[in-house]
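Visitor: Numbering that gives the first Met the number 0 puts the first residue of the sequence shown at 0, with every later residue one more than the last. Where a beta carbon is used, it is the ideal one built from N, C-alpha and C, also for glycine.
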Amino acid sequence: MIGRILSGIGGIIALIASLVSITTREPLINHLVKILLITGDAVVGMGIIGLIGSLTTIYGVYKNNWKYMVSGGILGLFAPLLLPVSL
Numbered sequence: 000m001i002g003r004i005l006s007g008i009g010g011i012i013a014l015i016a017s018l019v020s021i022t023t024r025e026p027l028i029n030h031l032v033k034i035l036l037i038t039g040d041a042v043v044g045m046g047i048i049g050l051i052g053s054l055t056t057i058y059g060v061y062k063n064n065w066k067y068m069v070s071g072g073i074l075g076l077f078a079p080l081l082l083p084v085s086l
């Protein structure tokens, strides 16, 4: 039960962060602490991948399916960790 709640909270936070990244072309961390690490099209790509991951996690919480929760979390982590390295 606690894992489902934490996954739901993480999915909502990832959804907010990805929408901020897509609309402003700056990561959410820039708006919170004014540290600009990356901007431009890479941020939009990370936002889209994060959006897909967050929606997958939220769907897994809704359906109570841990496979969707885990795969959405992995996809959400893939966006900020691996995409900037590959660019």
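#1: For the candidate residues I1, L76, S6, whose alpha-carbon lies nearest to that of I47?
#2: Leaving out five residues on either side along the sequence, give the residues of the same chain with a beta carbon under 6 Å from the beta carbon of N63.
#3: Short check: CB of L27 to CB of I57, under 8 Å?
#4: Assign V32 to one of two classes, buried (16 or more other C-beta atoms within 10 Å of its C-beta) or exposed (fewer than that).
#5: Would you kindly report the start and end of the unbroken alpha helix (DSSP H) that includes T38?
Guide: In this structure, then:
#1: L76
#2: none
#3: no
#4: exposed
#5: Here T38 belongs to no alpha helix (DSSP H), and DSSP marks it neither H nor E.
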